[in-house]
Amino acid sequence: MSAPNQSPPRPRLSVRGARTDARTVVLLLHGGRAHGSQPAPRGAAYLRMVPFAWALTRSTRGRATAVWLLRNRVRGWNEPRRDPVVDARWALAEARRRHPGARIVLVGHSMGGRVALRLAGEPDVVGVCALAPWVEVGEPRPETAAAVVIAHGDGDRVTDPRASEAYAARTGASYVGVRGETHALLRRPLFWTRLVTRFVDSVLAHQVSPRD
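So the sequence shown is numbered by full-length UniProt numbering: it starts at 1 and just counts up by one.
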């Protein structure tokens, strides 16, 4: 419980790339836990997304693209509140307010991948890249025209690559299996960076398939 004089946690954005007149916003969503009301720290889950923010800032330079890294209020998903979904919706509203008419691309890892998939049907979302997402049986399938790619290491013991592959087959998303990779995405970092930057490049170029 927060002290009486302490403000409740709030979501925060780290903004890179275009700050005005952006035509595309890439929103990065970090992982977390099933439960947890503690403020989300700048720990491993958050820091795992920082190299993607750097790489995307470089790869989209001069292309009217803003790269945003969201830091959630709290660590947990916290069903039925779904706190990270609430935070991501806030960030989407901020993107629309700051950059009216901009296209939005979501890139999420683990719990952040689940959030990205949940929000694939949001207005202005044109692409979703879910890395080792936390996918449950019966995960809802949003109606979306966005390009969706799911990538998962076959050595992941935290989230289930078989669930990701089944979700992709059920929803028509593209699926990329990554041999020998674990949940932390540390064994093949260049592969993951290229996957994300090429996916965003394909969306910026109006390509339908993220593998083209």
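Think of the CB as a built atom: it goes at the ideal place given N, C-alpha and C, for glycine as much as any other residue.
1) Let me know the beta strand (DSSP E) ranges lying completely inside the segment 35-111, each 3 residues or longer, listed in chain order.
2) Assuming Leu195 is part of the alpha helix (DSSP H), what are its boundary residues?
3) Quick check on DSSP: helix, strand or coil for Arg16?
4) Count the other CB atoms, across all protein chains shown, that sit within 10 Å of the CB of Ser7; report buried if there are 16 or more and exposed otherwise.
5) As a quick exercise: from Arg179, Thr193 and Arg19, pick the residue whose alpha carbon is nearest that of Val107.
6) Suppose you measure from the CA of Glu139 to the CA of Phe52; what does that come to, to the nearest Å?
7) Taking the C-alpha atoms as reference points, what is the distance between Ala184 and Arg48?
8) Please list, in chain order, all residues of the same chain as Val74 whose beta carbon is under 7 Å from its beta carbon, the five residues on each side excluded.
9) In whole angstroms, what is the alpha-carbon distance linking Arg97 and Thr20?
10) So what's Ala151 in DSSP terms, helix, strand or just coil?
11) For Val176, which residues does DSSP report across the bridge?
12) Going by other Cβ atoms of all chains shown within 10 Å of its Cβ, with 16 needed for buried, is Leu190 buried or exposed?
13) Buried or exposed for Gly101, please, with buried defined as at least 16 other CB atoms from any protein chain shown within 10 angstroms of its CB.
14) By Cβ distance, which residues of its chain are closer than 7 Å to Arg179, with the 5 residues on each side in sequence left out?
15) Using 8 Å as the threshold, is the segment 16-30 in touch with the segment 153-172, meaning 3 or more CB pairs across them?
Let's see:
1) 65-71 and 103-109
2) In the sequence shown, counting from the first residue as 1, residue 195 sits at position 195. Note, Leu195: alpha helix (DSSP H), Pro189 to Leu204.
3) Walking along the sequence shown from the start, residue 16 turns up at place 16. Three-state result, Arg16: strand.
4) Counting from 1 along the sequence shown, the entry for residue 7 is found at position 7. The residue in question, Ser7, is exposed, as its Cβ has fewer than 16 Cβ neighbours within 10 Å.
5) Residue numbering aside, residue 107 sits at position 107 when the sequence shown is read from its first letter. Val107 has its Cα closest to that of Thr193, out of Arg179, Thr193 and Arg19.
6) In the sequence shown, the residue the question calls residue 139 occupies position 139. In the sequence shown, the residue the question calls residue 52 occupies position 52. The straight-line gap from Cα to Cα measures roughly 26 Å.
7) Mapped onto the sequence shown, residue 184 falls at position 184. Mapped onto the sequence shown, residue 48 falls at position 48. Their Cα atoms are separated by approximately 8 Å.
8) By 1-based counting over the sequence shown, the position of residue 74 is 74. If we look at Val74 and ignore the five residues flanking it on each side, its Cβ neighbours are Pro9, Gly36, Ser37, Gln38, Pro39, Ala40 and Asp83.
9) Position 97 of the sequence shown holds residue 97. Position 20 of the sequence shown holds residue 20. So the two alpha carbons sit approximately 12 Å from each other.
10) For this step, residue 151 is matched to residue 151 along the sequence shown. Strand, per DSSP.
11) Indexing the sequence shown from 1 puts residue 176 at position 176. Answer is Ala151.
12) If you number the sequence shown from 1, residue 190 lands on position 190. By the 10 Å Cβ count, Leu190 comes out exposed.
13) Taking the first residue of the sequence shown as 1, we reach residue 101 at position 101. Answer is exposed; the Cβ neighbour count stays below 16.
14) As a first step, residue 179 is located in the sequence shown; it is residue number 179 there, counting from the start. These residues qualify, in order along the chain: Asp154.
15) no
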